[in-house]
Structures are given as structure tokens and as C-alpha cells.
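Residue numbers (the numbering used here), protein chains in the order written: chain Z, 3 to 394; chain F, 3 to 394. Don't be surprised by glycine CBs; every beta carbon is placed ideally from N, CA and C. If you're wondering where the values come from, they're calculated on a predicted model, not measured in any experiment. Down below is the structure, laid out as C-alpha cells.
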């Protein structure tokens with residue numbers, strides 16, 4: 003087992019009506035002037051935004067609001083949020099939404115608490131020394147940003163998508179009410195499930211470390227999410243399935259499923275980041291569109307893990323060679339993606355990429371990871387290009 | 003799934019030599035004057051205490067020390083610690099040891115940060131409003147106190163053992179170096195494994211709530227601990243097995259394996275608390291001596307869970323009636339306890355209790371739980387007595 007750090011300070015309030023405790027939680031964590039950050043129509047339409055600001059007003063907590071977060075959240079809005087925080091002396095950020103909104107709030111938090119250009123952190127130029135405290139009302143089970151140390155921001159100039167990780171941005175609290183996710187379009191629900199699975203799978207497919215308990219937790223989480231994703235594909239208003247998926251989303255990205263490993267592979271995410279930067283596809287769908295091609299490209303270099311995955315997660319029968327079992331596991335996962343109506347290649351994702359596009363993405367991806375990356379198999383630019391091509 | 007709160011703010015530094023970061027961690031969490039709290043000979047003998055105080059001295063962090071914690075930690079030493087904290091203006095507690103030392107530190111933390119008698123909290127008379135911050139250097143994988151909200155203290159007068167739970171006492175950090183547990187006597191290692199298993203089993207055997215992901219995590223944890231406990235019975239210096247068990251110990255009692263349930267059963271612990279109060283037996287051994295008798299007394303009232311436990315944890319073949327499968331699971335767990343040399347009744351534990359002793363324990367237990375308690379089956383004083391009798 004490799005040495006590890008584990009730090010998940012986020013206080014989770016989980017269940018029906020959990021959002022009712024938001025004002026008390028902001029007080030508990032020292033907030034006195036709040037920026038309520040959100041995305042587009044849905045939190046307005048469902049009344050959640052109004053309910054939230056009513057709760058703050060009733061508690062006498064002053065606030066300002068900033069909406070307009072979009073998927074693949076934009077740096078320009080982050081700058082706007084930072085300016086607003088400074089102007090209004092905001093000392094607490096409340097993100098009402100999903101991963102994009104939380105990630106945008108994290109970037110605002112870094113920018114407002116540090117001098118200089120916040121993009122420097124995402125561009126690997128320097129490290130943040132602080133972050134404004136953040137609370138979350140979660141409306142989408144997917145990215146795990148509500149407990150994670152990561153945020154991903156897209157700079158419009160050059161369409162560059164970058165992530166920055168630091169414990170400083172881990173939310174102080176996360177309010178999780180599965181009922182808030184009931185009205186999501188089926189496609190977004192499925193995308194969320196795919197993202198959750200991938201957060202654990204990125205950690206699972208490694209060549210490093212003996213980590214029995216982590217593997218047992220990861221495999222249990224993957225099986226649970228797959229089972230409940232299929233339930234939700236048929237019965238989107240199933241509360242228990244919503245709850246299982248929502249809690250799994252947090253556990254999948256708070257660090258738990260990576261303890262004792264070498265840090266994991268993460269190349270499907272890196273490849274999808276470039277896809278998302280160029281095409282604005284849904285993150286979860288971009289991941290499933292690439293995963294099979296990535297898996298077939300790397301599995302021979304990480305055979306024991308792919309075999310274990312096939313047997314323990316996908317329920318493949320232990321017959322045939324290691325390679326055969328591993329491939330059956332990959333096929334079974336792709337079959338599952340199709341059953342929840344997720345794409346397994348770029349065409350199904352609706353992306354018609356030219357060879358030049360693929361080369362651009364591979365180049366940006368290689369630069370983004372500093373040349374080469376990957377634990378299941380170390381990938382260089384030519385490998386990345388080969389995977390993009392295979393995913394067409 | 004039942005609503006739940008989840009809060010595990012403890013920063014974990016896990017791996018070889020992790021204790022080297024203790025001074026930086028104390029600074030990070032604001033400690034400026036430290037009480038180093040410990041037990042008896044082993045941390046002195048192994049040099050860990052000296053190493054710890056050397057690290058504090060090198061970092062210029064002033065400290066005082068208080069040793070003498072014993073298993074089933076005593077209220078009198080807690081009072082001594084509180085007085086020492088007040089006299090020396092201690093603002094941070096560093097527990098160097100296992101669960102007893104951490105629990106004692108937690109009680110000192112409550113006492114030093116609140117007015118009045120600290121026993122009031124343990125006697126359910128009032129709630130603590132604060133606790134001094136606590137850090138841990140863990141030397142024993144067992145109680146999970148390094149991340150938990152609980153502490154258990156024994157008052158010598160009347161030999162009353164009571165637990166008090168509050169998020170306030172959750173340690174700020176826990177340094178976990180599996181190598182520090184290498185020199186433990188085999189019996190203590192096995193007792194620790196038993197305690198870890200029981201923390202998850204107490205949460206697992208309930209009649210409340212659908213909780214798929216929690217069940218999957220719990221079952222994976224139980225299987226991992228059992229496998230590695232058997233490895234350690236043969237090969238006590240196996241680092242990876244030590245590491246698996248140590249990390250499982252924290253996850254088993256930080257709340258993770260109870261999310262979404264009704265809170266669990268906990269009656270084996272309650273019954274053992276009275277045993278421990280009266281006889282000073284090792285906690286883990288007391289639990290295994292009672293568990294089988296408890297399980298056979300309650301399983302018919304909680305059949306689906308006992309069946310699931312038999313199939314998913316103990317690997318029982320799914321043949322026969324639900325009752326037969328459930329009983330085979332109980333027998334398989336007792337067989338496992340015997341394989342790691344743990345007792346499965348009071349005689350094997352070395353306790354020769356008279357009927358009067360059993361009645362005293364049952365009465366104290368019933369008073370302690372406020373009359374009746376238990377989710378697998380609600381137990382009253384006569385049920386508790388029946389279980390103690392069956393465990394003779």
C-alpha cells in the first residue's frame with residue numbers, strides 16, 4: 003500500500019429537505035456576506051434559488067447573486083465573480099447547482115482570496131495560498147465537486163480547459179437532497195452516473211500499489227452505481243436510486259476510492275477535457291465516448307486490474323485467458339453505457355472531428371499533462387492521437 | 003435510505019514515517035501549548051514518546067506530558083489531565099497511543115473547554131459546547147477513535163463505563179504509521195481486528211433503511227479485515243496487512259459504514275461496556291465473547307440482514323432455509339473468531355461470572371441505554387440477562 007493523505011472535511015447533510023439548514027450552516031462556518039452562485043434556468047424554474055435566498059433573508063444573512071454558469075464553466079464569469087466579491091466584501095460562497103457551478107465558485111474563491119490572475123493556478127504557474135469558504139446546495143449527482151479538492155475551468159481564449167487541485171477549496175458543507183435531482187433530463191442523469199463511475203475507475207486502473215480495502219470499496223461503489231443507473235433509466239423518480247447515486251457521487255471523488263494507490267490513471271478525463279474544451283459536450287458523455295477506446299489501447303499493459311474489474315465489477319465468468327476476460331469486461335462496460343443511452347464513440351456523441359481536430363486535441367492534451375501521463379499505460383501525444391482516432 | 007449527517011474532518015497522514023509530520027500538523031491546527039497524553043510502557047519502550055517530544059522541541063512547540071492511561075480509561079486520570087491543561091494553559095492535546103489514550107484525551111478536551119464536571123456529559127446530564135483540538139499518533143488499529151465522534155470513559159466509583167458522542171471531539175489530524183503496530187502482542191492485534199469488525203457489524207445489523215452503497219462498503223470492509231486478520235495471525239510483521247487493518251479501523255468507525263441506516267444496533271457494544279466496566283477485559287475480546295450469543299438471540303427478528311451477512315460476507319452457500327443460512331453465517335463468524343484466537347464465550351474470555359454478576363451487568367446495561375435498545379431486536383433488561391447467560 004502506498005502512503006496517502008486523506009482529508010474530507012466537508013460536512014454533509016443528506017436527505018429530504020436538507021437545503022433547509024443552509025443558513026445555519028453558513029453561520030456555523032463563519033459566513034457573514036454571501037455570494038449565491040448558480041447556473042441557468044433550472045434552479046430559477048424549480049424555485050430553489052428563491053427558496054435559498056428566502057432562507058438567507060429570514061436568517062438576516064446579506065447576499066448578492068451571480069448566475070450564468072454554463073457546462074465547462076468559463077473563466078470570464080469567474081473574473082466577474084471575483085470582482086463582485088471584492089466590491090461587496092463577500093466572505094462566503096454558496097454554490098447552488100451541479101459541478102460546473104461548484105467549480106466556478108471554487109475558482110472565484112481562489113481569485114478573491116489571492117492576489118494576481120486566478121488563471122495562474124489553472125495554468126500550473128503558482129499555487130493558491132487561500133480560498134474563500136464555500137458551501138454547496140447540490141442539484142446534480144455527477145462530478146463529486148461538492149466534496150472534492152478539484153475544479154475545472156475553461157478559458158475562452160484558445161478554448162483551454164484546465165483543472166486545479168488543492169485542499170483549500172474543499173467545501174465546508176454540502177447539502178444533498180436527492181429530491182432536487184428528480185426533475186433532471188434522463189440524459190443528464192445518465193451523464194452524471196457515467197462521471198461518477200469514471201471517478202472511481204480512473205483511480206482503479208493503475209499499475210501501482212496493493213490496496214485491498216480501497217479495491218473492495220471501489221468495486222462495491224461501481225456495482226451500486228451501475229445497478230441504480232439502470233433503475234433510473236426506467237424510473238427516474240425513484241428516490242432511493244437517486245439517493246444511492248448522489249452519495250456515490252461524493253464518495254467517488256472525495257479521495258476515498260484512491261487511498262493507497264499511486265494516484266490512478268486519469269487519462270480518460272484528460273482526453274475528455276480537450277474534447278470538452280473544443281466541443282462543449284456533456285462531460286459524462288464525453289467520458290463514455292472515449293473510455294472503450296482508451297481501455298482497449300491500454301489493457302494489455304494493466305492486465306491484472308482489467309481482469310479483476312471484469313470479474314469483480316462486471317460479473318464476467320472466469321473462463322478463458324486473462325486477455326479474453328479483460329476484453330469481456332470492457333465490452334460489458336460498453337454494453338452498460340449503451341443501456342443507459344450513453345455514447346461509446348465520438349459519432350454517437352455527435353462529434354464529427356476532422357483529423358486536424360484530433361491532432362489539435364492530442365497536442366493540447368499532451369501539453370496539458372506535461373508531455374506524458376497515465377498509470378495503466380503511460381501515454382504520449384501519439385498514443386493520445388491513436389485513442390482519439392479509435393474513438394471516431 | 004434514511005437521512006443522515008456525515009462529517010469526518012480529520013486529516014489523515016498515512017504511511018511509513020508519517021509521525022514525522024506531527025509538529026507541522028499541530029501548527030497547522032493552531033496548537034501553541036501541547037499536552038502529550040499516553041499510556042504505559044510501550045510508547046516509552048519503543049522510543050515513540052521520545053521521538054515525538056524531540057519533534058516538538060525541534061519545532062519549538064512547548065509541551066507537558068501525562069502518561070498512565072490504561073485500557074478502559076479512568077475518570078480520575080481525566081480529571082488530572084483537565085487540571086494540568088488549566089494550570090499550563092494547554093491549547094492542544096496530542097494523544098500518542100490507541101483508543102484508550104485517544105478517548106482519555108477527548109474527555110480531557112471536553113473537561114478543559116467546558117465548566118463543571120466532565121462526567122456530566124458521559125452521564126447524559128448535559129451536552130458539551132466545545133472541546134480542545136486533538137491530534138493523534140496512532141499505535142493500535144482497533145477503536146477507530148482517531149476519526150470518530152465517540153469516547154468511552156470508566157468512572158472508578160461504581161465501575162461505570164459510559165460513552166459520549168459529539169462531533170466536537172473528532173480529532174483534527176491522525177498520523178497513522180502501520181509500522182508502529184508491528185510490535186503489538188498477537189492477542190492485541192486480534193482484539194483490534196475484532197473491534198474493527200464489530201464497529202461495522204453494529205451498523206450493519208439493523209431493521210431500518212435501504213442502503214445499498216453503505217452495505218457494499220461495509221461488506222467489502224468486513225471481508226478485507228477478516229482476510230488480513232488471518233494473515234496477521236500467521237505473519238504479524240506483514241506491512242500491507244497491518245496497513246489494510248489500520249485504515250479499515252478508521253473507516254469502520256468514522257461514520258462511513260452507517261450512512262443511510264437507522265443508526266445501527268450497538269447492543270453487543272453496550273453489553274460489552276458493562277463487562278469491561280466490571281472485569282477489565284480487552285474490549286475486542288469482550289465483544290467476540292458476547293457476539294454469538296447476541297446474534298443467536300436476535301437473528302430471527304432481523305433475518306434478511308443475517309442472511310445477507312452469511313452470503314455476502316461469510317461466503318455461505320445459498321442453500322437451505324433463510325434461518326439455516328443465517329445460522330451458518332453466525333457459525334462461520336464464530337469459527338473465524340476462533341481462528342484468530344478470540345474467545346466466543348465468557349469462559350474462554352477468562353470471566354467466571356456469578357448469576358449475581360450477570361444480573362448486575364444486565365441492570366446497569368439497561369439503565370445505561372435508558373431502558374431498552376437495539377435495532378436488530380429491541381432488548382430489555384431480561385433479554386440482556388438472557389444473552390449474558392447464554393454467553394457463559
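Listed along chain Z are 16, 249, each with a C-beta nearer than 8 Å to that of residue 261 of chain F. For residue 310 of chain F and residue 329 of chain F, the gap between their C-alpha atoms comes out near 11 Å.
Assigned with DSSP and collapsed to three states, residue 252 of chain F falls in helix. Counting only the Cα atoms, residue 144 of chain Z lies some 18 Å from residue 214 of chain F. Rounded to whole angstroms, residue 48 of chain Z and residue 18 of chain Z show a C-alpha spacing of 16 Å. The beta carbon of residue 331 of chain Z sits closer than 8 Å to the beta carbons of 308, 309, 311, 312, 313, 315, 316, 318 from its chain, once the five residues preceding and following it are set aside; these are given in chain order. When the Cα atoms are used, residue 108 of chain F and residue 210 of chain F turn out to be separated by approximately 30 Å.
Interface residue (Cβ-Cβ distance to chain F less than 8 Å): residue 366 of chain Z is not classified as such. Of the other Cβ atoms in all chains shown, 16 or more fall within 10 Å of the Cβ of residue 266 of chain F; this residue is therefore buried.
A Cβ of chain F is located within less than 8 Å of the beta carbon of residue 5 of chain Z.
If you ignore the 5 residues before and after residue 261 of chain Z, its C-beta comes within less than 6 Å of the C-beta of 6, 8, 216, all in its own chain and listed in chain order. In this structure, the alpha-carbon of residue 253 of chain F lies about 25 Å from that of residue 379 of chain F. Relative to residue 121 of chain Z, the option among Z/195, Z/154, Z/51, Z/141 whose CA is nearest is Z/154. DSSP places residue 51 of chain F within a helical segment (H, G or I) once states are collapsed to three.
Along the length of the region 266–349 of chain Z, whole beta strand (DSSP E) runs at least 3 residues long do not occur.
When the alpha-carbon of residue 241 of chain Z is set against those of Z/186, Z/33, Z/295, Z/197, the nearest one is in Z/186. Scanning the region 48–104 of chain F from its first residue to its last, the whole beta strand (DSSP E) runs of 3-plus residues come out as 65–68, 94–99.
What residue 242 of chain F touches in chain Z, judged by beta-carbon distance under 7 Å, is 3, 212, going in chain order. Residues of chain F whose Cβ lies closer than 8 Å to the Cβ of residue 245 of chain Z are, in chain order, 3, 262.
Where residue 137 of chain Z is concerned, the enclosing beta strand (DSSP E) starts and stops at 136–140. In the three-state reduction of the DSSP assignment, residue 167 of chain F falls in the strand class, which pools E and B.
For residue 58 of chain F and residue 139 of chain Z, the gap between their C-alpha atoms comes out near 41 Å. For residue 75 of chain F, none of the residues of chain Z pass the 8 Å Cβ criterion, the least Cβ distance being about 26 Å. At a cut-off of 8 Å between beta carbons, residue 8 of chain Z contacts chain F.
Per DSSP, the continuous alpha helix (DSSP H) segment holding residue 223 of chain F begins and ends at 214–236. Assignment of residue 208 of chain Z by DSSP, reduced to helix, strand and coil, places it in the coil class.
DSSP places residue 366 of chain F in the uninterrupted alpha helix (DSSP H) bounded by 357–370. Under a criterion of Cβ atoms nearer than 8 Å, the residues of chain F adjacent to residue 226 of chain Z are, in order, 214, 215, 218. For residue 29 of chain Z, the uninterrupted alpha helix (DSSP H) segment begins and ends at 24–30. Cβ atoms of residue 270 of chain F and residue 350 of chain F stay farther apart than 8 Å, at about 16 Å. Within chain F, not a single residue places a beta-carbon under 9 Å from that of residue 236 of chain Z; the smallest gap is close to 16 Å.
Distance from the Cα of residue 77 of chain Z is smallest, within the candidate group Z/54, Z/45, Z/113, for Z/113.
DSSP places residue 379 of chain Z in no beta strand (DSSP E); its state is neither H nor E. Beta-bridge partners of residue 13 of chain Z (DSSP): Z/175. A contact between stretches requires three or more CB pairs, one per stretch, nearer than 8 Å, and the region 374–388 of chain F meets this requirement with the region 293–304 of chain F.
Here residue 173 of chain F is buried: its Cβ has 16 or more other Cβ atoms, across all protein chains shown, within 10 Å.
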